[in-house]
Structure formats: structure tokens, C-alpha cells
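K.L.:
Numbering (the UniProt record's numbering), first residue to last: 1 to 364.
By construction, the Cβ of each residue, glycine as well, lies at the ideal position given by its N, Cα and C atoms.
(1) Can you check which of these residues, 336, 331 and 160, is closest to residue 140 by C-alpha distance?
(2) Which complete alpha helix (DSSP H) runs does the segment 243-330 hold, if anything under 4 residues is left out?
(3) Could you pull out every unbroken beta strand (DSSP E) segment of at least 3 residues lying fully inside the segment 190-247, listed in chain order?
(4) Nearest-angstrom Cα distance between residue 375 and residue 79?
(5) Go ahead and label residue 189 buried or exposed: buried means 16 or more other beta carbons lie within 10 angstroms of its beta carbon, across all protein chains shown.
(6) Whole angstroms is fine: what's the gap from residue 49's alpha carbon to residue 232's?
(7) Report the rounded CA-to-CA distance for residue 46 versus residue 249, giving the unit in angstroms.
(8) In terms of residues, what are the limits of the alpha helix (DSSP H) holding residue 107?
(9) Report back the beta-carbon spacing between residue 298 and residue 235 to the nearest angstrom; my notes put them in contact at under 8 angstroms.
(10) So residue 306 and residue 14 are supposed to be a Cβ contact under 8 angstroms. How far apart are they, rounded?
(11) Specify the secondary structure class of residue 11 as computed by DSSP and reduced to three states.
(12) Just the Cα atoms here: how many angstroms apart are residue 73 and residue 83?
(13) Could one say the Cβ of residue 104 lies closer than 9 angstroms to chain C's Cβ atoms, at least one of them?
(14) Measure the C-alpha to C-alpha separation of residue 321 and residue 27 and round it to an integer number of angstroms.
(15) Is residue 209 closer than 9 angstroms to residue 35 when the C-beta atoms are compared?
(16) In whole angstroms, what separates the C-alpha of residue 142 from that of residue 66?
(17) Hey, how far is the Cα of residue 42 from the Cα of residue 132?
(18) For the 8 angstroms Cβ check, are there 3 or more pairs between the segment 56-63 and the segment 116-123?
(19) Within its chain, find whatever has a CB closer than 8 angstroms to the CB of residue 87; leave out the 5 residues flanking it on each side and keep chain order.
(20) Considering only residues of the UniProt domain "HTH marR-type" (20-156), which uninterrupted beta strand (DSSP E) runs meet the minimum length of 3 residues and lie entirely inside it, listed in chain order?
(21) My assumption, with CB atoms under 8 angstroms, is that residue 293 sits in contact with residue 158. Please give the rounded CB distance.
(22) Under three-state DSSP, which class holds residue 161?
(23) Can you tell me the Cα-Cα spacing of residue 279 and residue 286, whole angstroms?
(24) Exposed or buried, which one is residue 128 when buried takes at least 16 other CB atoms within 10 Å?
(25) Please classify residue 94 as buried or exposed, where buried requires at least 16 other C-beta atoms within 10 Å of its C-beta.
(26) To the nearest angstrom, how far is it from the Cα of residue 29 to the Cα of residue 255?
(27) Below 9 angstroms between beta carbons: does that hold for residue 19 and residue 326?
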């Protein structure tokens, strides 16, 4: 009989060997942690997220400083409701405002205020500094080129795959090896302090994940009714001793904010895949356990997930290129992970000091 509390290995992604699995995991970690680092930097300096800055930048580059709400939502991969909430939050700070669309009485447009226009330049400087520090700072000149070229191959593979599906319909997976002859020039964007090689690396790294993750997520939801983040969380919990993991560990491993993690776990719990409860020895700590139903769902999900990783991530590259990209991404993610853990420890020490001071005040 199979033990349900064993720690699983790379063989649980059928068809991927250890090197291929590591190449994917390092890329995934780098994308998640770099995105979290960018958001932390912008939030610390300007109380903005990356998406907030993109909204302001889109409005600033329009001819009249405005854009239809539906167009913004489509450009940024958000629902209209999500975009409305975001614009309202930015509006509370006086950065933007909503008004009826003068060309369509049923529509609404977002308009950039002077305060929003003023904050863009310093926010872009903070963004560029974060790119230099967290993405480019850990890479050699050769590795910067490696990330740019191979992330471009991933994007090209996705584009060609979509073209084939459009022209001839879905067919068997065919490996796609893409040369670098058509590798594009550096994007003409404003990133102060970042040279052309760095801009290419940043642009292709961000573009590959912005294209790959929605495709991968859509395929998973369509086939197995689980999103990418669902599989990552279930896999982490199942690998933990006894099939149980603290919420704090899951948040750090997936670079998720507490509110987002709670939302995801609540949804998995509503489907009977996990259950939450107090931790042993510390009832204030919340732990998550995978259920038998969760394990039954996870096995086939990992098999399908592995096939999609090969199709969309590995096939556009040679084996050597995938390994080289994975090694470069490891160099990006490891310092980010260490920095995030130091930040968490610092926050805990700060919170403990505040609690101690409040306690002293209460006794005076």
C-alpha cells in the first residue's frame, strides 16, 4: 500500500527528469520572487503596485490622459470589477478619476490627474533600481544574455503554438527549436541606469512569464479544474511531513501575500482538498493539511502539469539552453528568497518590540 505521508520527489512530475524539473522550478521561483520584490519596492517608496504603475503609465502615454475601463482591464488581464476597484483605490489618493465616456454614454473612462502624472517618474526610477538590483545584479554578462535569449524562445514557442492551433487545430505536441537569428533589439523604454542588454533581459523575462503563465493556467483549469497556484499549494502541502504545512511557510514558498493565500486556501478547503486547523503546541499558528480527496486529485494533476511544462516551457529550448536558463534563474531567486526571509524576521522583531513597549505602557 502506498504511504500517504511520504515526501515525494521529482519523479512525481512524470516524464521530466531531475535537470528538467529543476530548470522549471528555478524559473518559476525567479518569476514569483522577482514580481514580489518589485511590488515591495514600489509599495515601500510610493505605495504603488506594479499594476498600479502600469495603469498610470498607460494613461500618461494616451493622447488625452484617459482610457476606457474595459480597455484597461483587457490590456492588464484583469476583470472589469478588478479594474474598477483598482481605479477607485488610485482615485482615493487623487492620482486618477473616473468619468462617463464622452463617446459612449454607457461607458466609463479613467483619467490621469496631475498628482498621478507627477508620481510616474520617481516610481519608474524605483522600478529601474529594483530591476538592476533584483534581476540583473546577480547575473554575469553572459547570464543576462542567456535569460534574454531563452525567455524569448519561450515566448516565440507560445506564439508559434497558438498560430498552429489557429491554422490546423490542436494536434500532437511537436518539439520546437527556435534559433536566435530573429532575436529582437532592446525595447525603447525608459529604465534609467539599465543598459540595452539589461533591458532585453528584463523585457524578455517579464514577457515570457506574462504569456506563459496565463496559457498554462488556462490549460490546467480547462483540463483538470485546478489553477497553477492550486497545484503549487497542494504539492507543497503533500510534500510536507504528515501532509501538513503552516500557512506562513506556504506564503513564503509561493511569494503570496497573506490575503491572497487565505483566499486560495479557502477555495481549496471549500472543494474538500485541504482543511485548516490550529498547529500542535501553538494554537495561534494555522496549519493546512491535504485531504485524501486532495491527494486523489493531485496525482493526475501533476501528470498533466508535467506535460504542459514540457510543451510550453522546455520544448522551445534545447536541453542545454533550459539548464542554462534554470541556473541563471536560480541565481536570481536565491538572494530574493534570503532577502524575503530577513524582511520577515525584521518585521517580527519590530512587532515584538512594539508589543513589549505597549505592554510596558499598560503597566505604568
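P.N.:
Checking against the coordinates, here is how it stands:
(1) 331
(2) 247-253, 258-270 and 292-309
(3) 244-246
(4) This structure gives no information on residue 375, because the portion of the chain shown stretches from 1 to 364.
(5) exposed
(6) 24 angstroms
(7) 28 angstroms
(8) Counting along the chain, residue 107 falls outside any alpha helix (DSSP H), though it belongs to the beta strand (DSSP E) covering 104-112.
(9) 7 angstroms
(10) 5 angstroms
(11) Residue placement at residue 11 cannot be trusted, given a pLDDT of 45 that sits under 50; the coordinates are not used to answer.
(12) 6 angstroms
(13) Absent from the structure is chain C; it holds one protein chain and no more.
(14) 13 angstroms
(15) yes
(16) 41 angstroms
(17) 14 angstroms
(18) yes
(19) 55, 69, 72, 96, 98 and 110
(20) 66-68, 96-101 and 104-112
(21) 33 angstroms between Cβ atoms; not a contact.
(22) helix
(23) 6 angstroms
(24) buried
(25) exposed
(26) 9 angstroms
(27) yes
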